[in-house]
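In this note's numbering, the protein residues as written are 4 to 526.
Here it is in structure tokens:
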């Protein structure tokens, strides 16, 4: 039996510590109170731990969900909506975050969004007044309000002057939002050489900051302002597939206009989309009035090299993003469904924590297996002891299974899942027979899930050895962290079979390694 309280407390502490590390590394904003909230949750959970284990687990879990998990998810949604210029919905989400994180940073962002929303809906003067009235804002928002003020007016020349004369370079190259808008201002004003010469530098800065969504945005600017229509379409089909149609058309028209100098595309765009998007209209009118973007022949050779590197990096990133954007989750959902139906059957015939019910439905008991009931090697993988055991395994299966399903052959996935579970049960029975400890009872899909972990570890190790890429290095490190945390958890919870997890992990790793070698030779 897995103690759900211990699991929750481990999750609370590890999540809070991970959040603190992410804030220190500037992966999430420093000004949103994340460190304060994380420390308070750790202190409250630790204090209650000295009083009562169950109380500590549930209070800590509730605090974690309310003040870290929900705000982080909302922040992710906010970033997406803000990027696609949906200021109304992003402001609504930020208002919910404000209820949980009432910080100066969030308040300033709320005022910014309110101004942008009003301006985008046609109340330009009101929107600008809101941006101009904020004299008590944080220093960074003075620059945010300035650049968005010029975007509302559609004056990219003055926006570029803001970057070149008023914003300190240290501040500029430390803030991803300012950096990406600086590159766009270069493109809008026709400074293509400066744009392409800065792209590689900006990309490396954003990679260090782990601001991957901003990297997609600078690739968008690079492709659009150099007229690479096919690369732009590829970007919209992968990394920026969440962009609405009007924004995709806006940037595709940008690329088309660069190539053939025909500004009639902008007039069509204005008629079709600009009525509900006044900030977009201002940018389109700016492009119609100004001279055409310089011909590609005028771009220096060094800038061409950076542009070519962006194109190559885009192909690599598309491969990586497709891993996480796969919509084919049929096998994983099918396996979860089977486990759920079996769990319902357990409850129907006596309860998921009834040992007699588990035995009758096929739990692994080594002494019975060696008497000829080898079918238990299969059925035990679909039985679970209690809701906590079931939910943890299904959650792990959902995330890890989807990842394996996205990057591996579906038949490989099925083979690894079942052989890891069955092989682990068989190995455990062998060891039990050897040590003469045959009265154990073993259930759960965790051995199969650990087989998926072993498979992913083998895949990322093989890719890292072949390519030495940083992305595969990070993924391999993540798998090793998962394995380490799992083994520590197994050690702390005596009811969990560490051996079955290790057997599943090793079997999954070996099968995937064999498949990899065989596939390489065949190729």
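Quick reminder that beta carbons are idealized off the backbone N, C-alpha and C, glycines included. Because the structure is a prediction, the values reported are computed rather than measured.
Three-state secondary structure assigned by DSSP to residue i
{"i": "residue 141", "result": "coil"}
{"i": "residue 367", "result": "strand"}
{"i": "residue 445", "result": "strand"}
{"i": "residue 476", "result": "helix"}
{"i": "residue 515", "result": "helix"}
{"i": "residue 160", "result": "helix"}
{"i": "residue 115", "result": "helix"}
{"i": "residue 242", "result": "coil"}
{"i": "residue 531", "result": "The question about residue 531 has no answer, for the chain in this structure spans 4 to 526."}
{"i": "residue 432", "result": "helix"}
{"i": "residue 280", "result": "coil"}
{"i": "residue 64", "result": "helix"}
{"i": "residue 378", "result": "coil"}
{"i": "residue 360", "result": "helix"}
{"i": "residue 506", "result": "helix"}
{"i": "residue 274", "result": "helix"}
{"i": "residue 216", "result": "helix"}
{"i": "residue 171", "result": "coil"}
{"i": "residue 354", "result": "coil"}
{"i": "residue 177", "result": "coil"}
{"i": "residue 413", "result": "helix"}
{"i": "residue 386", "result": "coil"}
{"i": "residue 319", "result": "Since pLDDT at residue 319 reaches only 48, below the 50 mark, its modelled position is unreliable, and no value is offered."}
{"i": "residue 289", "result": "helix"}
{"i": "residue 373", "result": "coil"}
{"i": "residue 439", "result": "coil"}
{"i": "residue 469", "result": "helix"}
{"i": "residue 487", "result": "helix"}
{"i": "residue 460", "result": "helix"}
Whole-angstrom C-beta distance between residue j and residue i, which should lie under 8 Å
{"i": "residue 239", "j": "residue 249", "result": "Between residue 249 and residue 239 the Cβ distance is about 12 Å, and since that is not below 8 Å, they are no contact."}
{"i": "residue 444", "j": "residue 367", "result": "7 Å"}
{"i": "residue 465", "j": "residue 511", "result": "So it is not a contact: roughly 14 Å between Cβ atoms."}
{"i": "residue 408", "j": "residue 332", "result": "6 Å"}
{"i": "residue 386", "j": "residue 404", "result": "At roughly 18 Å, the Cβ-Cβ gap does not stay under 8 Å, so residue 386 and residue 404 are not in contact."}
{"i": "residue 157", "j": "residue 286", "result": "5 Å"}
{"i": "residue 147", "j": "residue 115", "result": "6 Å"}
Start and end residues, alpha helix (DSSP H) containing residue i
{"i": "residue 93", "result": "90-103"}
{"i": "residue 74", "result": "73-86"}
{"i": "residue 132", "result": "127-136"}
{"i": "residue 396", "result": "389-410"}
{"i": "residue 254", "result": "248-263"}
{"i": "residue 201", "result": "195-211"}
{"i": "residue 37", "result": "37-52"}
{"i": "residue 342", "result": "333-351"}
{"i": "residue 8", "result": "7-27"}
Contact test: residue i Cβ vs the ligand NAP heavy atom, cutoff 7 Å
{"i": "residue 141", "result": "Of the ligands one can find in the structure shown there are none, so the ligand NAP has no counterpart to examine."}
Exposure of residue i, with buried meaning 16 or more beta-carbon neighbours within 10 Å
{"i": "residue 481", "result": "exposed"}
{"i": "residue 168", "result": "exposed"}
{"i": "residue 201", "result": "buried"}
{"i": "residue 190", "result": "buried"}
{"i": "residue 305", "result": "Since pLDDT at residue 305 reaches only 49, below the 50 mark, its modelled position is unreliable, and the value read off the structure follows with that caveat. Exposed is the call here."}
{"i": "residue 412", "result": "exposed"}
{"i": "residue 378", "result": "exposed"}
{"i": "residue 503", "result": "buried"}
{"i": "residue 55", "result": "exposed"}
{"i": "residue 21", "result": "exposed"}
{"i": "residue 18", "result": "buried"}
{"i": "residue 317", "result": "Bear in mind that a pLDDT of 48 at residue 317, under 50, signals an unreliable position, so the model cannot answer this."}
{"i": "residue 222", "result": "buried"}
{"i": "residue 153", "result": "buried"}
{"i": "residue 363", "result": "exposed"}
{"i": "residue 270", "result": "exposed"}
{"i": "residue 187", "result": "buried"}
{"i": "residue 142", "result": "exposed"}
{"i": "residue 171", "result": "exposed"}
{"i": "residue 82", "result": "exposed"}
{"i": "residue 340", "result": "exposed"}
{"i": "residue 507", "result": "buried"}
{"i": "residue 440", "result": "exposed"}
{"i": "residue 242", "result": "buried"}
CB contact below 8 Å: residue i versus chain C
{"i": "residue 422", "result": "The chain inventory of the structure shown lacks chain C, comprising one protein chain alone."}
Meets three-Cβ-pair contact criterion under 8 Å: the segment 471-488 and the segment 427-437: no
Counting beta carbon pairs with one atom in the segment 436-449 and one in the segment 457-465, are three or more of them shorter than 8 Å? no
Pair every Cβ in the segment 385-402 with every Cβ in the segment 343-357, then say whether three or more of these pairs are closer than 8 Å. yes
State whether the segment 81-98 contacts the segment 108-120, with contact taken as three or more CB pairs (one from each stretch) at a distance under 8 Å. yes
Would you check if the segment 5-19 and the segment 51-69 touch, i.e. whether three or more CB-CB distances between them fall below 8 Å? yes
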